[in-house]
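Under the UniProt record's numbering, the residues of the sequence shown are numbered 1 to 158, in order.
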Amino acid sequence: MKNLQQLVQWTRFGLVSAFFIVLIVELTLGVLAISGEYSILSIHKSLNISIWKNILGIFLIIVEIIISEMMYKKKLEYVGLFETLEEKLKYFRKAFSFKMLFGALTGIVAMLAYSLTENLIWFLPWIMALYTLSKSFPFKWTLVHAMQIENEEDRELF
Numbered sequence: 001m002k003n004l005q006q007l008v009q010w011t012r013f014g015l016v017s018a019f020f021i022v023l024i025v026e027l028t029l030g031v032l033a034i035s036g037e038y039s040i041l042s043i044h045k046s047l048n049i050s051i052w053k054n055i056l057g058i059f060l061i062i063v064e065i066i067i068s069e070m071m072y073k074k075k076l077e078y079v080g081l082f083e084t085l086e087e088k089l090k091y092f093r094k095a096f097s098f099k100m101l102f103g104a105l106t107g108i109v110a111m112l113a114y115s116l117t118e119n120l121i122w123f124l125p126w127i128m129a130l131y132t133l134s135k136s137f138p139f140k141w142t143l144v145h146a147m148q149i150e151n152e153e154d155r156e157l158f
């Protein structure tokens, strides 16, 4: 039982650490993009990207965020099928990491697009990525419900 409790504690620590690392990276990129301190790609100012390409890019990123959320929900259904807590923790870590990775990538792509176009409309997918990341903070009860832990002894470990 003690080993299982340590596994739960280290898993929660890892999930919270991953959450904060991704959030700090996203906020730092947002602040740098607003202040204009970084220029990842040097694009000539004469290059004009049409509004339709901006709208198409934003639409694709929003679709990616939605698909990422749907895949996360499906993976949670899969996690609920397991009986032991060790298996649930193992597959939940993978699902959570996958969601964090997609959230970080969409935010990074949105900030890169903003640095290229300097169009404020690119903050919409970045804000959406931050919102979906903030919803997934690994609180104790969020983890218990996400993994569908029904055993009272296992719930007490969280």
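Don't be surprised by glycine CBs; every beta carbon is placed ideally from N, CA and C.
Keep in mind it's a predicted model, so treat the numbers as computed, not measured.
State buried or exposed for LYS94, treating a residue as buried only when at least 16 other CB atoms are found within 10 Å of its CB.
Counting from 1 along the sequence shown, the entry for residue 94 is found at position 94. Answer is exposed; the Cβ neighbour count stays below 16.
From which residue to which residue does the alpha helix (DSSP H) around PHE123 run?
Numbered from its first residue, the sequence shown carries residue 123 at position 123. Looking at the DSSP string, the run of the alpha helix (DSSP H) that includes PHE123 is 123–135.
Grab me the residues of THR106's own chain with a C-beta within less than 7 Å of its C-beta, minus the 5 sequence neighbours each way, in chain order.
Locating residue 106 in the sequence shown gives position 106, counting from the first residue. Answer for THR106: ILE61, GLU64, ILE65, PRO125, ALA129, listed in chain order.
Look at LEU143 and ARG12 and say whether their C-beta atoms are less than 8 Å apart.
Counting from 1 along the sequence shown, the entry for residue 143 is found at position 143. Counting from 1 along the sequence shown, the entry for residue 12 is found at position 12. It is a contact, given that the beta carbons lie within the stated cut-off.
Please report the distance separating the alpha-carbon of THR84 from that of ALA113.
On the sequence shown, residue 84 is found 84 positions in, with the first residue counted as 1. On the sequence shown, residue 113 is found 113 positions in, with the first residue counted as 1. Spanning the two alpha carbons is a distance of roughly 44 Å.
Would you report the Cα separation of ASN119 and ILE21, rounded to the nearest angstrom?
For the purposes of this step, residue 119 is taken as residue 119 along the sequence shown, with counting starting at 1. For the purposes of this step, residue 21 is taken as residue 21 along the sequence shown, with counting starting at 1. Taking the straight line joining both Cα atoms gives about 26 Å.
Helix, strand or coil: how does DSSP classify ILE149 here?
Your numbering for residue 149 matches position 149 in the sequence shown. ILE149: coil per DSSP, three-state reduction.
Quick one: is GLU77 buried, meaning 16 or more other Cβ sit within 10 Å of its Cβ, or exposed?
Against the sequence shown, residue 77 aligns to sequence position 77. GLU77 is exposed by the Cβ-count criterion.
Return helix, strand or coil for residue 163, following the three-state DSSP convention.
The first residue shown for the chain is 1 and the last is 158, placing residue 163 beyond what the model contains.
For LYS135, would you say it is in contact with chain C, using Cβ-to-Cβ distances shorter than 8 Å as the test?
Absent from the structure: chain C. Only one protein chain is present.
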